[in-house]
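Colleague: Here you go, one structure.
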């Protein structure tokens, strides 16, 4: 992982807490909005990653979108590694 990406992930954790907890809360909220069961945290990571994929396809020169995309992939992997249900 690059130093820049590592710095971004650490800053976000300081600002918002653990990715797993944050994505779990988001999944609960999104599930409520669309009237389904909560969306698992690792799926939330994939959904955010897909949003960044769209941004990268529209503006591939925007470096931050590429870093964000990598970050969501790493966070999703970490969540699954912690036995996310």
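In my numbering, the protein residues as written are 141 to 225. Yeah, the Cβ is synthetic: ideal placement off N, Cα and C, and Gly gets one too.
Can you check which of these residues, 171, 159, 199, 208, is closest to residue 219 by C-alpha distance?
Modeller: One-based indexing of the chain shown puts residue 219 at position 79. Out of 171, 159, 199, 208, 159 has the C-alpha closest to the C-alpha of residue 219.
Colleague: Please name the residue, chosen from 204, 161, 221, that lies closest to residue 142 on a Cα-to-Cα basis.
Modeller: Sequence index remark: in the chain shown, residue 142 carries index 2 (1-based). Selected option, being the one with the closest Cα: 204.
Colleague: Measure how close the beta-carbons of residue 171 and residue 183 come, nearest whole angstrom, since I'm counting them as under 8 Å.
Modeller: Numbered from 1 along the chain shown, position 31 holds the residue referred to as residue 171. Numbered from 1 along the chain shown, position 43 holds the residue referred to as residue 183. Not confirmed; about 10 Å, so no contact.
Colleague: Classify residue 161: buried if its beta carbon has 16 or more other beta carbons within 10 angstroms, exposed otherwise.
Modeller: Position 21 of the chain shown holds residue 161. Per the 10 Å Cβ criterion, exposed.
Colleague: Apart from the five residues just before and just after residue 148, which ones in its own chain have a Cβ nearer than 7 Å to its Cβ?
Modeller: The residue given as residue 148 occupies position 8 in the chain shown. Here the set comprises 207, 211.
Colleague: Whose C-beta lies closer than 6 Å to the C-beta of residue 225 among residues of the same chain, with five residues either side of it excluded?
Modeller: In the chain shown, residue 225 corresponds to position 85, counting from 1. Here residue 225 scores only 42 on pLDDT, less than 50, and its place in the model should not be relied on; the value that follows carries that caveat. So no residue of the chain qualifies.
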